[in-house]
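Chains as they are written, first to last, in my numbering: chain A, 8 to 283; chain B, 240 to 560. Scroll down for the structure; my scribbles are underneath it.
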Amino acid sequence: MKESAATMPAAEARQRGMAAAGQFVDILLLTRRSVRTTLRVPAAFLPSLAISVFFLFVYDAGLGNIAKLPGFGGDYLGFILPVAIVSAAVSGAGSAGQALVRDLESRYLYKLLLTPASRAAIVLGPIIAGALELGVQVVIIIVLGVALGMRPATGLAGLLVVLLLALLWGVAFAGYAAGVALRTRNAQAAQAATFAFFPLIFLSTTFVPKELLAAEWLKVAATINPTTYVLDAMRALLLHGWQGRQLLAGFVASVLFALVTSTFATLSARRVLSRT
Amino acid sequence: MAESSIVVDQLVKRYAGNITAVDGVSFTVEPGEIFGCLGPNGAGKSTTVQVLTTLLMPTSGRVLVAGHDVVREPVAVRWAIGVALQDVGLDPLLTAREILELQARLFRMSARAARRRADELVELVGLADAADRRIGTYSGGMRRRLDLALALVHNPRILFLDEPTTGLDPASRAEVWEEVRRLNAEGVTVFLTTQYLEEADRLAHRLAIIDHGKIVAEGTPAELKASIGGEAISVSFADRAQVARAREALAGFAERIETTGATLVVYRERAAAAVPDLVRLLDDAGLAPESIMVAQPTLDDVFLRATGSRLANGATAERAA
């Protein structure tokens, strides 16, 4: 009788440390696969990149003079760049949602569910790939911003922190889209879910600082909106310098948001996919 | 003797909306055998497979696969089983080599071992030339072969096949049977579901016949057919009215008579020798059958006796009293 290689290795079963390392490798492998498949459909990611770049130019061209008003810190490019970044997250989210719907429709997802990989790892693959897609766009946006004359107050290190914040933000958006994709199993619904982000993006200090917001209700909305804190953190880095309070608020908002949506995605995966 | 490969005890699976797909099913599968689950569409075969392979949670009942409880130790179960479902599950944007390597690595093989395993499997299922092309370019037959290869990546000792030859042409079907036999000869226990009598008859060592979520018969193909009690004479008439009259005419002639549509099936020992008597009885009653056929009992006969319908064409039949 042929010796089976497939008994759960006793060593792994015993050692919790190895189990955790295994999870980490699974997430890497699954993310790599998602990135690979994303790159193989350029038509899916190029348009949103073009849109982000386009808006950056348009915002600056149209609204650039506002920076001369007090409260802006003088450089509108630095003020508006975070908006371009945060709205670009919508495309990474859409990508993650679509990837999961594709996996559901092709039924490849079931093959993945039949491996020892955890549900969380399986869902995180497309989510992180979506965040990375956003990351690439963010780098391009930043490079463009610098080319257009923006000089970040915190230099290269600050730009890297902006990128990190953007990646966390990307995970947060992607997690939500992933959860909706898993529950609806429908490409259109998954795409429509990303439209839910637009209120988040615009009910905030999107175009002007909070003090200059015209309506009281908008000020209130901006205060409870996590987007505001991320925008403020990025603006602090680009325009003012290392401001601890804004940075902390921005990271806390992103991390919390990312945790909430990733949990939503994992729960959706468990509930909907395998255990009806 | 090693413990059973699969133990199913009063498995019930109910979906939302009170649809009971599996209604108290119990059976065991011994190591090294090919166990078949035969039944029409909607009988509960696919649901059963999905519960046994940890893709669905049972509503109640106990299921042990390779000694592990599917509810409490799903990961341990996944290590021991390979699964090829009715619909192929592949990512069209990956290549065969990539998909096999990823699966191998998710089963904790090193990068090198995974690559070697992918090479082996790609040779085994005849996809060596296409291994680095995207799966989206493959034909249906190629995808099925890859699907099976994917199930075998981690050398599972139990293989689940859900309707493995549905929709295949006879040549491909024969190839699949060959592959199943070969794997079984190497020691792999096989659990397969099918709606094809011939497949169940030829491949399975033991069978469970399932209908409307319940097992209606169980045993080896030979045992099941012998349980019918003798050979069968199928007498076809032009219309049902004649069938009813024929029933009366033949009362007492046979141990058992069943009707299905415009055909009468008469069961008795040494049926061939009894044909002249049968013809005489019908003739005396003024009946002229369109055809008379003597046949060994088939699994369809077993199904008919157990459920009152034919498996082969789904036509409802009336049972003999």
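Ideal Cβ positions, reconstructed from N, Cα and C, are used throughout, including at glycine.
- Query: Is any beta-carbon of chain A found at less than 9 Å from that of B/Ile273?
  - Reply: No, its Cβ sits nowhere closer than 9 Å to a Cβ of chain A.
- Query: Per DSSP, what kind of secondary structure is B/Gln249 in: helix, strand or coil?
  - Reply: Strand, per DSSP.
- Item | Backbone secondary structure at A/Ala95 - three-state DSSP | Taken through DSSP and simplified to helix, strand or coil, A/Ala95 comes out as helix.
- Query: So which of B/Lys284, B/Asn257, B/Gly256 and B/Gly271 has the shortest CA-CA distance to B/Ser265?
  - Reply: Nearest of B/Lys284, B/Asn257, B/Gly256 and B/Gly271 to B/Ser265, Cα basis: B/Lys284.
- Message: Judging by CA-CA distance, which residue of A/Val60, A/Ile149, A/Thr201 and A/Leu210 is the nearest neighbour of A/Leu166?
- Response: Taking the Cα of A/Leu166 as reference, the smallest distance to any Cα among A/Val60, A/Ile149, A/Thr201 and A/Leu210 is reached at A/Ile149.
- Message: Just checking: is the beta-carbon of A/Asp67 within a distance shorter than 9 Å of some beta-carbon in chain B?
- Response: No, because no Cβ of chain B sits closer than 9 Å to the Cβ of A/Asp67.
- Message: Which residue marks the beginning of the alpha helix (DSSP H) containing A/Met241, and which one marks its end?
- Response: Counted as a single uninterrupted DSSP element, the alpha helix (DSSP H) harbouring A/Met241 occupies residues Pro233 to Arg242.
- Query: Terminal residues of the continuous alpha helix (DSSP H) containing B/Lys464?
  - Reply: Looking at the DSSP string, the run of the alpha helix (DSSP H) that includes B/Lys464 is Pro460 to Ala465.
- Item | Closer than 9 Å to chain A by CB, B/Phe346 | Yes, its Cβ sits closer than 9 Å to a Cβ of chain A.
- Item | Sub-9 Å separation of A/Leu141 and A/Ile129 beta-carbons | Cβ atoms of A/Leu141 and A/Ile129: not closer than 9 Å.
- Task: Under 7 Å between beta-carbons, which chain A residues line up against B/Arg317? List them in chain order, please.
- Result: The contact set of B/Arg317 on chain A, defined by CB atoms closer than 7 Å, consists of Leu121, Thr122 and Pro123 in chain order.
- What's the C-alpha gap between B/Leu567 and B/Val309? The structure shown does not extend to residue 567 of chain B, since chain B is modelled only from 240 through 560, so no value can be given for it.
- Nearest candidate by alpha-carbon position, reference A/Val90, set A/Leu225, A/Thr212, A/Gln253 and A/Ala228: Measuring from the Cα of A/Val90, the nearest candidate turns out to be A/Thr212.
- Task: Decide if A/Leu245 is buried, meaning its Cβ has at least 16 other Cβ atoms within 10 Å, or exposed.
- Result: So A/Leu245 counts as buried.
- B/Ile397 - partner residues in DSSP beta bridges: Answer is B/Ile320 and B/Thr428.
- Query: Three or more beta-carbon pairs under 8 Å between the region 445 to 458 of chain B and the region 473 to 483 of chain B, yes or no?
  - Reply: With a cut-off of 8 Å on Cβ pairs, the region 445 to 458 of chain B is not in contact with the region 473 to 483 of chain B, counting fewer than three such pairs.
- Query: Per DSSP, what kind of secondary structure is B/Met240 in: helix, strand or coil?
  - Reply: With a pLDDT of 42 at B/Met240, under the threshold of 50, the modelled position of that residue is not reliable, and no figure is offered here.
- Item | Collapsed DSSP secondary structure at B/Phe492 in the structure displayed | Here B/Phe492 sits in coil by DSSP.
- Same chain, Cβ closer than 8 Å to B/Ile467, neighbours up to 5 away in sequence not counted: In chain order, Tyr506, Pro536, Asp540, Val541 and Arg544 place their CB closer than 8 Å to the CB of B/Ile467, counting only its own chain and leaving out the 5 sequence neighbours on each side.
- Item | Span of the alpha helix (DSSP H) around B/Ala343 | Unbroken alpha helix (DSSP H) run through B/Ala343: Ala335 to Leu345.
- Message: So with CB distances below 7 Å, who are the chain B contacts of A/Gly5?
- Response: Because chain A in this structure spans residues 8 to 283, residue 5 of chain A falls outside the shown range and cannot be described.
- Query: Going by the beta-carbon positions, is the gap between B/Asn423 and B/Gly278 smaller than 9 Å?
  - Reply: Note that the C-beta distance between B/Asn423 and B/Gly278 is not below 9 Å.
- Count the other CB atoms, across all protein chains shown, that sit within 10 Å of the CB of A/Ser269; report buried if there are 16 or more and exposed otherwise. Per the 10 Å Cβ criterion, buried.
- What are the residues of the region 318 to 335 of chain B that lie near chain A, defined by any Cβ-Cβ distance shorter than 9 Å? The residues in question are Trp318, Ala319, Ile320, Gly321, Val322, Leu324, Asp326, Val327, Gly328, Leu329, Asp330, Pro331, Leu332 and Leu333.
- Task: Give the interface partners of B/Leu400 over in chain A, defined as CB-CB distance under 7 Å, in chain order.
- Result: By Cβ distance, chain A contributes nothing, its closest Cβ being about 14 Å from B/Leu400, past 7 Å.
- Are the CB atoms of B/Gly275 and B/Glu438 nearer to each other than 9 Å? Going by C-beta atoms, B/Gly275 is nearer than 9 Å to B/Glu438.
- Query: Is B/Arg372 helix, strand or coil by DSSP?
  - Reply: In the three-state reduction of the DSSP assignment, B/Arg372 falls in the coil class, being assigned neither a helical nor a strand state.
- Message: What would DSSP say about A/Gly186, mapped onto helix, strand or coil?
- Response: Helix, per DSSP.
- Taking B/Thr259 as the reference, give the member of B/Met381, B/Asp248, B/Asp450 and B/Phe346 with the closest Cα. Closest by alpha carbon: B/Asp450.
- Thinking just about the alpha-carbon of each residue, which of A/Leu37, A/Phe31 and A/Ser94 is nearest to the one in A/Phe209? Looking at the Cα atoms, A/Ser94 is the closest of the given residues.
- Using the beta-carbon count (16 or more within 10 Å), is A/Pro159 buried or exposed? A/Pro159 is buried by the Cβ-count criterion.
- Is it right to say B/Arg519 is buried, meaning 16 or more other beta carbons lie within 10 angstroms of its own, or is it exposed? Flag for B/Arg519 reads exposed.
- Item | Residue closest to B/Arg445, alpha-carbon to alpha-carbon, out of B/Leu407, B/Gln434, B/Val429 and B/Gly452 | Per the C-alpha coordinates, the member of B/Leu407, B/Gln434, B/Val429 and B/Gly452 positioned closest to B/Arg445 is B/Val429.
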